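See structure below.
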Amino acid sequence: MPIGDPIIRFATLESTNKTAAELLKLSKVQHGAVILAHEQTNGRGQRGRSWQAVPGADLTVSLVLKPTRLRAEDQFMLGKLAALAVAEVVQERVPGAVRVKWPNDVLVERRKVAGILIKNEVVGELVQSSIVGVGINVNSRAFPEELVATSLWLDSGREADPSEVLIHLCAAMERRWSAWEGGDRGADRAYSDLLWSRGRWSAFVRDEEPIMARPMDVDRHGRLIVEMENGEVGAYGLDRLRFAPR
Ligand code: ATP
Numbered sequence: 000m001p002i003g004d005p006i007i008r009f010a011t012l013e014s015t016n017k018t019a020a021e022l023l024k025l026s027k028v029q030h031g032a033v034i035l036a037h038e039q040t041n042g043r044g045q046r047g048r049s050w051q052a053v054p055g056a057d058l059t060v061s062l063v064l065k066p067t068r069l070r071a072e073d074q075f076m077l078g079k080l081a082a083l084a085v086a087e088v089v090q091e092r093v094p095g096a097v098r099v100k101w102p103n104d105v106l107v108e109r110r111k112v113a114g115i116l117i118k119n120e121v122v123g124e125l126v127q128s129s130i131v132g133v134g135i136n137v138n139s140r141a142f143p144e145e146l147v148a149t150s151l152w153l154d155s156g157r158e159a160d161p162s163e164v165l166i167h168l169c170a171a172m173e174r175r176w177s178a179w180e181g182g183d184r185g186a187d188r189a190y191s192d193l194l195w196s197r198g199r200w201s202a203f204v205r206d207e208e209p210i211m212a213r214p215m216d217v218d219r220h221g222r223l224i225v226e227m228e229n230g231e232v233g234a235y236g237l238d239r240l241r242f243a244p245r
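Each residue of the sequence shown is one higher than the last, beginning at 0 in numbering that gives the first Met the number 0.
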C-alpha cells in the first residue's frame, strides 16, 4: 500500500502514536496507514516531553511503516527519510532556509516548525514495524517565546490546508521510502546537507556537561559526529549528547 492509504481520521486522541501502536498490535493497520487526529490531548516528544498543537489548525499524524529488510542497527534511516519528507513539505511553503536539527526536528531559520517522534518494533535483527509521528505547525499563530517555534503561517503569511499538507507529506515520504527500499542511498547525503549548524561551533550538553562542539555529520547508527574544541572527533547518541536548551 502506498503511504497514506488509508488515512484514518479521529476527532480526538491522546496521541496518534499511541493509537497507531494499538491498531498495529491488533493487526488492524498495515504498511502505509496514517492515523490523523484533529485534536491530540497528550501529544509527545522525545523523553516524554509534550507536543502542543492547535486542533484543526496544525497537523498531528502517525505513519505506519513496515520495512522489508531494515536492520535494527540502521534504524536511524527512518528518521532521515521522515525528516527529509517533512523538510520538503515545509520548504515548498516558506521562503526561509529549512534545516534538520539532529536527530529529527525541522527548523525554519532557527525556529522549530515540526517535530518527529519514531517508535520502532525490533524483532531479532530487523525492524518489523515503525510508527513515525509527525507534528507540523501549520496555521498556529503564536508560540511562547521560549519554544523558539514557528509555523508555516508565520513564515509564509498564508493559511495552508492541513489536509493538503498531509497529502504532500505522504507523497514525499512515499518517494523517499520507495527510493530507499529500492536501494537508493541518496537520503544520506540529503540529510547531511540539511544538518543544522553543520560545521559551526554550537552549545551542547555531553554527559550532563556543557560543551562547545562542531557537528560534522551523522554516522550510520544515527549518532552525531562532532569535533570538540581540543580537536577530538567523536560520534555520540542521544543518550550522551544533545543540543543545549535554547
Ligand atoms: P528541543 O526542541 O528543546 O531540542 P527535543 O528535541 O528534546 O527538544 P522534542 O521531543 O522534539 O524535543 O519536542 C518536544 C519539545 O518541543 C517540548 O518540550 C517543547 O519544548 C517543544 N514543543 C512542543 N510543542 C511544540 C510545537 N508545536 N512547536 C515547536 N516546539 C514545540
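Virtual Cβ for every residue (Gly too), placed ideally from N, Cα, C. Here the structure is a predicted model, which is why all the values come from computation and not from measurement.
Locate the alpha helix (DSSP H) running through Asp187, then write down its first and last residues. Against the sequence shown, residue 187 aligns to sequence position 188. Counting along the chain, the alpha helix (DSSP H) containing Asp187 begins and ends at 185-193.
Considering only heavy atoms of the ligand ATP, does any lie closer than 8 angstroms to the CB of Lys27? Your numbering for residue 27 matches position 28 in the sequence shown. For the ligand ATP, not one heavy atom lies less than 8 angstroms from the Cβ of Lys27.
Mind checking whether Leu128 and Val63 have CB atoms under 9 angstroms apart? The residue given as residue 128 occupies position 129 in the sequence shown. The residue given as residue 63 occupies position 64 in the sequence shown. According to the sequence as given, residue 128 is Ser; it is not Leu. For Ser128 and Val63, yes; Cβs fall inside 9 angstroms.
Taking the CB atoms as reference points, tell me whether Val217 and Lys118 lie closer together than 9 angstroms. Indexing the sequence shown from 1 puts residue 217 at position 218. Indexing the sequence shown from 1 puts residue 118 at position 119. Not closer than 9 angstroms, so no.
Sheet register partners of Thr67 (DSSP bridge): Here the question's residue 67 lines up with position 68 in the sequence shown. BP columns for Thr67 are empty, so no partner.
Segment limits, beta strand (DSSP E) that includes Ala10: For the purposes of this step, residue 10 is taken as the residue at position 11 of the sequence shown. Start and end: 6-12.
If you scan the segment 46-118 from start to end, which runs of the beta strand (DSSP E) of 3 or more residues do you find wholly inside it? 58-64, 97-100, 104-107
Less than 6 angstroms between C-beta atoms, sequence neighbours within five positions excluded: which residues of the same chain meet that for Ile7? The residue given as residue 7 occupies position 8 in the sequence shown. Once the five neighbours on either side are set aside, the close Cβ partners of Ile7 are Ile34.
Kindly indicate which three-state DSSP category Lys207 falls into: helix, strand or coil? To locate residue 207, count along the sequence shown from 1; it is residue 208. According to the sequence shown, residue 207 is Glu rather than Lys. Coil at Glu207, not helix or strand.
When you compare only the Cα positions, how much space is there between Val88 and Glu124? Working through the sequence shown from its first residue, we reach residue 88 at position 89. Working through the sequence shown from its first residue, we reach residue 124 at position 125. In this model, Val88 and Glu124 are separated by some 32 angstroms (Cα to Cα).
Any chain C beta carbon closer than 9 angstroms to Ala71: Of the protein chains in the structure, only one exists, and it is not chain C.
Of all the options Arg184, Glu145, Leu146, Asn136, which has the alpha carbon lying nearest to the alpha carbon of Leu58? Residue 58 sits at position 59 when you count from the first residue of the sequence shown. The shortest C-alpha separation from Leu58 is found at Asn136.
Report yes if the C-beta of Pro209 is less than 8 angstroms from at least one heavy atom of the ligand ATP; otherwise report no. Indexing the sequence shown from 1 puts residue 209 at position 210. The nearest non-hydrogen atom of the ligand ATP is 8 angstroms or more from the C-beta of Pro209.
For the ligand ATP, any of its heavy atoms closer than 8 angstroms to the Cβ of Pro244? By one-based count along the sequence shown, residue 244 stands at place 245. At least one heavy atom of the ligand ATP is nearer than 8 angstroms to the Cβ of Pro244, so yes.
Helix or strand or just coil, what does DSSP make of Asp154? Residue numbering aside, residue 154 sits at position 155 when the sequence shown is read from its first letter. DSSP places Asp154 in helix when its eight states are reduced to three.
Within 10 angstroms of the Cβ of Lys111, are there 16 or more other Cβ atoms? Answer buried if so, exposed if not. Position 112 of the sequence shown, counted from the first residue, corresponds to residue 111. That one is buried.
Rounded distance between the beta-carbons of Ala113 and Gly95, thought under 8 angstroms: Residue 95 sits at position 96 when you count from the first residue of the sequence shown. Residue 113 sits at position 114 when you count from the first residue of the sequence shown. With a Cβ gap of about 13 angstroms, Gly95 and Ala113 do not count as contacting.
Arg175 and Leu83 look like a contact to me (Cβ under 8 angstroms); what is the Cβ gap, rounded to whole Å? Reading the sequence shown from its first residue, position 176 is the one you call residue 175. Reading the sequence shown from its first residue, position 84 is the one you call residue 83. Arg175 to Leu83, Cβ: 6 angstroms. Contact.
Excluding the 5 residues preceding and the 5 following Leu165 in the sequence, name in chain order all residues of the same chain whose CB lies nearer than 8 angstroms to its CB. Start at 1 with the first residue of the sequence shown, and residue 165 comes out as number 166. Counting only Cβ-Cβ distances below 8 angstroms, and skipping sequence neighbours, we find Gly3, Ile6, Val33, Leu35, Leu58, Val60.
Please go through the same chain and pick out, in chain order, the residues whose beta-carbon is closer than 8 angstroms to the beta-carbon of Arg239, but skip the five residues on each side of it. In the sequence shown, counting from the first residue as 1, residue 239 sits at position 240. Cβ neighbours of Arg239 beyond the five flanking positions: Arg205, Asp206.
Identify whether Ser129 lies in helix, strand or coil by the three-state DSSP scheme. The count along the sequence shown starts at 1 and reaches residue 129 at position 130. Ser129 falls in the strand class under three-state DSSP.
On a CA-only basis, which of Arg188, Ala86, Ala52 is nearest Pro143? Give me that one, please. Here residue 143 refers to the residue found at position 144 when the sequence shown is read from its first residue. Nearest option by C-alpha distance: Ala52.
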